[in-house]
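At position 478 of the sequence shown (counting the first as 1) the number is 839 in my numbering, and the numbers step up by one without a gap.
Built from N, CA and C at the ideal position, the CB exists for glycine as well.
On a predicted model such as this, the values are computed, not experimentally measured, just so you know.
To start, the structure itself, in structure tokens.
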Amino acid sequence: MVCATSRLKMLLLPVWASMLLGLLPCFLPVVGMEPMGGGKSSSDHAPNPVPLPSSSGSNCSELTVKLEFSTKVVEHEYIIAFTGYFSAKARSLYIRSALRNAADEALEWHIVPRENPASNFPSDFELVHIRQASPSSLLTLEDHPYIKRVTPQRKVFRMLKYSSSPEPTPSNATRSWQSSRPFRRTSLSLSTSFWHATGRHSSRRLLRAIPRHVAQILQADVLWQMGHTGAGVKVAVFDTGLSEKHPHFKNVKERTNWTNEKTLDDGLGHGTFVAGVIASMRECQGFAPDSELHIFRVFTNNQVSYTSWFLDAFNYAILKKIDVLNLSIGGPDFMDHPFVDKVWELTANRVIMVSAIGNDGPLYGTLNNPADQMDVIGVGGIDFEDNIARFSSRGMTTWELPGGYGRLKPDIVTYGSGVRGSGMKEGCRSLSGTSVASPVVAGAVTLLASTVQNRELVNPASMKQALIASARRLPGVNMFEQGHGKLDLIRAYQILNSYKPQASLSPSYIDLTESPYMWPYCSQPIYYGGMPTIVNVTILNGMGVTGRILDKPIWQPYLPQNGDHIDVAVSYSPVLWPWAGYLAVSISVAKKAASWEGIAQGHVMVTVASPAENDSEVGGEMTSTVKLPIKVKIVPTPPRSKRVLWDQYHNLRYPPGYFPRDNLRMKNDPLDWNGDHIHTNFKDMYQHLRSMGYFVEVLGAPITCFDASQYGTLLMVDSEEEYFPEEITKLRRDIDNGLSLIVFSDWYNTSVMRKVKFYDENTRQWWMPDTGGANVPALNDLISVWGMAFSDGLYEGDFTLADHDMYYASGCSIARFPEDGIVIAKNLKDQGLEVLKQETAVVEGVPILGLYQTPSDGGGRIALYGDSNCIDDSHRQKDCFWLLDALLQYTSYSMTPPSLSHSHSRVTPPKSTEHPLPQRLEGNHLYRYSKVLEAHLGDPKPRPLPACPHLSWAKPQPLNETAPSNLWKHQKLLSVDLDKVALPNVRAYRPQVRPLSPGESGAWDIPGGIMPGRYNQEVGQTIPVFAFLGAMVVLSFFVVQLTKAKSKPKRRKPRIKRPTYLQQQQQQTTSTTATSTTGKNPAV
């Protein structure tokens, strides 16, 4: 029996072992697995009425968290910026001395007290309350030698709202939309659906990625295994605060409150989530759990902040020598000088700032500040299928318009959709938005900084260089959507640990033939006589906070690749500060290539010098030479009829002035801030014109600065600027000589403009709209010579024209038109009456479209339309690209569309006496932001006409050698060898993918569970040890039993007597066998 029992144990041993191995994953952390279960959250609630919903709710992941951002000026409060840091007593004396010289002796003012951790230290600004401040008193303040600037105090609103998640929309699918983005401009934080479809295989059931925590997806555990955990790096989170004893954090060095509320805790949950993505050590694990967390509470529970709070907090961050700063706000105002200047000062003090690029996608030209600054790492969002998130804002920057061209932004993209982070009290939850992607990069930057032994090498420029040089480019996505590509943490580590201080470029090359990444440059070839193509390149200087370009950049064309067929002009920053500057490259075609077609190549050489910080010699410099490859496609100059010139010079946008939206229905998005450029909010129109064979160029100078004989049509859309008298004269002459004109106007009504100012309750006259949707009085001055004019009527409505459904959104009507012209009229609602008196009325026969052939021999044609919203991506509901095609056929080829000339809606042109023409708003401040007007006693007067820009073409230094065939080698910095940086042999993680069951959530919460990883506290660290010891005990028991069984002596089996008849039968069988054998071998 004992032997049989031993055999049974031996037979069951493989079964028990397999069962044990099957149970071990329940206890041991295994790469690629994650515990499942419902989340757990504290039942305690903060005083704020809208904290993040409890993670224990069954529908948690079905909620959309939208964050709306807006600002307004605080009445009577001003931020006085000084030229340096002074004590409170000195600042008060300077202000008192300045105001003593003011003409108004009865001026009431006092310094607003600021009670925060920075109040005991010197500061470079003061907050002053001035009653009835006159412009003269403000100018008197700015005249003081120690006062740099006086700006209004701003109040910042950030409003979290919760709603059910909408059905996901394919991020790259062809779509028809009523608006390019939500009616209320959202920014920074929203939780859209967990995923975004790829738009491919739409006939099948889409799969959803099941992610682990984002830190492990980006392979942060590889660096953890090497002993890098963020230790020694100070990271600041500017947000809504953090609870004191949150279980996810073990190294919170300081919590500071900069608001007017007496609490340090997070009453909203957003700040806790952001901090968790960066440095959580349990459950939803962050990137750098051992980093030093500095929590800056800059938003109240009512989601309000002030510019002065940020300025004080920024000063304190500089004082504390913060290394990495994650900023959770953003907005369109890149000219908010106190804020922008302070960001420059922060980065100049080696603070690496990471900021969200904004949630105003998919519209282009929607970058948020400060993420759009050169010295800041601007982060966009992708989903777990590596698609650009629909909400992620797109480039380009609009600082440089109208004369220049925007820079490449965002810098980098990473996961920002369905990312898990810490709950307000405990547990985890998933959120989406670029404010989620921003702390992902901030956490990665913190972790990367801790891996560098020589911390002096880590600065805002070197870190950005490492991130963009290591980024993985996403296929089929252009650079204004993805920047340099997707964050690659491991490659960034390799580059950063082989880094030597140097300069680099962003983008690192110019290839006008590479599609789609180089859109919009790749969308149109260049030709002789066209406007120069401008590429705005950012110079990153990792050698020092300040630098300069030595001598001049050198243009070296490749002769075998026809480089001598192009001309290049270069302008650049006189000083690179802080850490960066610009390099504007203008490319044009040489005259000898007017009828040539082909590819031309060359490169620009730039040498950057910076003071050597550790050089013993006085005046020593470090230098770095970088090469900018250029590749373009040249075609013969197209015919005049195919060339369209877009007037950019006369488009104005916010900032700096208050230019209202063209569609007054967009009450919660009142600012026209997208640049009005063919590559921003008129992108779809541009793509359509290119598909129809037109070549579209941009005029960034006055009308006097282009050769009208080269173009068929001048296109003016939504113009807000005034016109020089010389421009009006030249345009008349150009149209007489064959140039045609198309004008898309918008509303202009002084009564409505006065009404619109109340969108901001506490604003002063500075916020009075400076124009309407368009500057109709200026347009009327331009076209009055032909007997044309727009009215101050404001109309809205749906109608049908030439079998096309149309929508007129806050447009104006035609007040005057020549008798021999073609005018189309429609019945529309009087929106002006609705805005002013809340009454509804329908006006019959509103003239909206006019076509006119000028009487001079060979003269051009003019087309007027009263609304631009149908070609503007910002709030387009029904496009009218067909109408633009018809108008271009008319202006370019003199082909009058029969659908318009014979339309039933054609009416007699309105006479000059029927409608009064709109007048300019009395007391408007357009001259403050205008390139045409200047302040004058009484009414503003035109400035002197500026000289036309003339480029200084670089003298070529030809190279008789072959150009590189592929410019897109992965961006490499100088002296970087990735093979020399060893990594542990860890298998890369790939997310599991499976179909979701109906109603199943893509995000889950863990009930106080333990997340796989090295950095878990208490139980999390002991479970693997006990599991291993338990397994060893069980295996030892089996080994002992097996050894005992083998050491016992074997017993002889007892003989069993057989029955007699069996023995007799066996004997008979034996004898028969013997006889048979004998018969086979007979004896001789």
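Using a Cβ-Cβ cutoff of less than 7 Å, which residues in the same chain neighbour glycine 837 once the five nearest sequence positions on both sides are dropped?
Pro877, listed in sequence order.
Alpha carbons only, please: which of Leu1102, Leu1155, Asp1131 is nearest the one belonging to isoleucine 1144?
The option with the nearest alpha carbon to isoleucine 1144 is Leu1102.
Looking only at DSSP bridge pairs, what is isoleucine 690 linked to?
The partner list for isoleucine 690 (beta bridge, DSSP) is empty, contrary to what the question assumes.
Would you report the Cα separation of arginine 1022 and histidine 1311, rounded to the nearest angstrom?
Distance between the alpha carbons of arginine 1022 and histidine 1311: 34 Å.
By a C-beta neighbour count over all protein chains shown, 10 Å radius and 16 as the cutoff for buried, is alanine 534 buried or exposed?
Because the pLDDT at alanine 534 is just 37, under 50, the model does not fix this residue reliably, and the value given afterwards should be weighed accordingly. Classification for alanine 534: exposed.
Using DSSP with H/G/I as helix, E/B as strand and the rest coil, what is arginine 515?
Arginine 515 falls in the strand class under three-state DSSP.
Give a yes or no on whether the C-beta atoms belonging to threonine 807 and valine 740 are separated by under 8 Å.
Going by C-beta atoms, threonine 807 is not nearer than 8 Å to valine 740.
Do arginine 658 and threonine 617 have their C-beta atoms within less than 8 Å of each other?
Yes.
Quick check on the burial criterion: 16 or more other C-beta atoms within 10 angstroms. Buried or exposed for lysine 1187?
With 16 or more Cβ atoms within 10 Å of its Cβ, lysine 1187 is classed as buried.
Thinking just about the alpha-carbon of each residue, which of Gln1009, Pro1208, Ile1096 is nearest to the one in threonine 1269?
Per the Cα distances, Pro1208.
If you pair each beta-carbon of the segment 1063-1083 with each one of the segment 996-1014, do three or more pairs fall below 8 Å?
Output reads yes: the segment 996-1014 touches the segment 1063-1083.
Quick one: complete beta strand (DSSP E) runs, 3+ long, within the segment 747-789?
Here the runs fully enclosed are 773-776, 780-783.
What are the boundary residues of the alpha helix (DSSP H) that includes glutamate 644?
Neither: glutamate 644 is in no alpha helix (DSSP H) and is coded neither H nor E.
How far does the beta strand (DSSP E) with lysine 1190 in it reach, from first residue to last?
1183-1191 is the span of the beta strand (DSSP E), which, as asked, contains lysine 1190.
Taking asparagine 1141 as part of the alpha helix (DSSP H), name the residues at either end of that continuous run.
Its alpha helix (DSSP H) spans residues 1137-1144.
Can you tell me whether tyrosine 677 is helix, strand or coil according to DSSP?
Note: tyrosine 677 maps to helix in three-state DSSP.
Report yes if the CB atom of leucine 724 is closer than 8 Å to the CB atom of asparagine 1042, and no otherwise.
Yes. Within cutoff.
Assuming isoleucine 745 and glycine 779 are in contact, meaning their beta carbons sit under 8 Å apart, how far apart are those beta carbons, in whole angstroms?
A small fix is needed here, since residue 745 is phenylalanine in this sequence, not isoleucine. Correct: roughly 7 Å between the Cβ atoms.
Rounded to whole angstroms, what's the CA-CA distance from histidine 964 to alanine 930? Just pull it up for me.
Taking the straight line joining both Cα atoms gives about 12 Å.
Taking the beta strand (DSSP E) that threonine 894 belongs to, which residues open and close that run?
Segment 894-902, the beta strand (DSSP E) holding threonine 894.
Identify whether methionine 1129 lies in helix, strand or coil by the three-state DSSP scheme.
Coil at methionine 1129, not helix or strand.
Please name the residue in Gly628, Asp1228, Val1394 whose C-alpha comes closest to that of methionine 785.
Closest by alpha carbon: Gly628.
So the candidates are Gly1073, Ile871, Ile441, Met1077; which of them puts its Cα closest to the Cα of serine 947?
Nearest of Gly1073, Ile871, Ile441, Met1077 to serine 947, Cα basis: Ile871.
Where does the unbroken alpha helix (DSSP H) through tyrosine 1251 begin, and where does it stop?
Residues 1242-1254.
Count the other CB atoms, across all protein chains shown, that sit within 10 Å of the CB of asparagine 820; report buried if there are 16 or more and exposed otherwise.
Classification of asparagine 820: buried, given that the 10 Å Cβ count is 16 or more.
Quick one: Cα of valine 967 to Cα of isoleucine 639, how far?
When rounded, the distance between both Cα atoms is 37 Å.
Going by DSSP, what residue range makes up the beta strand (DSSP E) through alanine 864?
Start and end: 864-867.
Within 10 angstroms of the Cβ of glycine 924, are there 16 or more other Cβ atoms? Answer buried if so, exposed if not.
So glycine 924 counts as buried.
Smallest Cα separation from lysine 450: which of Gln514, Pro478, Val434, Pro483?
The shortest Cα separation from lysine 450 among Gln514, Pro478, Val434, Pro483 belongs to Pro483.
Check each candidate in Met1027, Val813, Glu982 and name the one with the smallest Cα separation from methionine 587.
Of Met1027, Val813, Glu982, the residue nearest in Cα terms is Val813.
To the nearest angstrom, how far is the alpha carbon of tryptophan 760 from that of glutamate 1180?
If you take the alpha carbons of tryptophan 760 and glutamate 1180, they lie about 43 Å apart.
Sort out for me which residues DSSP pairs histidine 1165 with in a bridge.
Bridge partners of histidine 1165: Leu1162.
Buried or exposed for histidine 1265, going by 16 or more other Cβ atoms inside 10 Å?
With fewer than 16 Cβ atoms within 10 Å of its Cβ, histidine 1265 is classed as exposed.
Tell me the residue span of the alpha helix (DSSP H) that contains phenylalanine 700.
Per DSSP, phenylalanine 700 belongs to the alpha helix (DSSP H) from 698-709.
Out of Val969, Asn1285, Pro763, which one is the CA nearest neighbour of methionine 1129?
The residue with the shortest Cα to Cα distance from methionine 1129 is Asn1285.
Flag this pair as touching only if the segment 881-898 and the segment 842-851 have three or more C-beta atom pairs under 8 Å; answer yes or no.
Judged by Cβ distances under 8 Å, the segment 881-898 makes no contact with the segment 842-851, as fewer than three pairs qualify.
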